[in-house]
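Visitor:
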Amino acid sequence: MRISTKGRYGLTIMIELAKRHGDGPTSLRVIAGAHNLSEHYLEQLIAPLRNAGFVRSIRGAYGGYVLGHEPETITAGDIIRVLEGPITLVEGIEEEEPAKRELWIRISDAIKNVLENTTLDDLANHTTTGESDAYMFYI
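At position 10 of the sequence shown the residue is numbered 10 (UniProt numbering), and the sequence of numbers has no breaks.
1. Alpha carbon to alpha carbon, how far is Ile105 from Val66? Give it in angstroms, no decimals.
2. Kindly indicate which three-state DSSP category Ser108 falls into: helix, strand or coil?
3. Are Ile93 and Ile87 close, meaning C-beta to C-beta below 8 Å?
4. Taking the straight line between their C-alpha atoms, what separation do you get for Ile31 and Arg101?
5. Can you give the Cα-Cα distance for Ala47 and Leu11, rounded to whole angstroms?
6. By a C-beta neighbour count over all protein chains shown, 10 Å radius and 16 as the cutoff for buried, is Ala76 buried or exposed?
7. Are the CB atoms of Glu39 and Thr26 within a distance shorter than 8 Å?
8. Is the beta carbon of Gly53 closer than 8 Å to that of Gly68?
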């Protein structure tokens, strides 16, 4: 499974809207500027998110986008599926030997579990916990 810039930048848009939830509309120009991204590319990504009901557009001089639902109800999996399609790790695992097939299924299920249990609210309010040191190896 590979998440392209569509999924990554789409998550960026949605996290920014979640951080500003309740503060009124946010323009894509503001999000693009804050993350040094192409506003034009973000405009292409917002359409499927709007069609899925995850964002609403507000017209006018102070217009922009707001979340279509509460940030606690939208998962990372929802966003990835809209922008990237179905979440699959390996194609054609039916022909794999049983041990490898079970491995691919377990890995795929673990990824899906993380994406389905991580909400926009979790991502918007994320703080660094220092857990990165847990993966540091010293020689």
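Beta carbons are placed, not taken as given, at the ideal position from N, Cα and C, and that holds for glycine. Being a predicted model, the structure only gives us computed values, none of them experimental.
Guide: Short version:
1. Between the alpha carbons of Val66 and Ile105 lies a distance of about 36 Å.
2. Helix, per DSSP.
3. Using a Cβ distance threshold of 8 Å, Ile93 and Ile87 do not count as a contacting pair.
4. Going by C-alpha positions, Ile31 is about 41 Å away from Arg101.
5. C-alpha separation (whole angstroms): 14 Å.
6. Buried, because 16 or more other Cβ atoms sit within 10 Å of the Cβ of Ala76.
7. No.
8. Closer than 8 Å, so yes.
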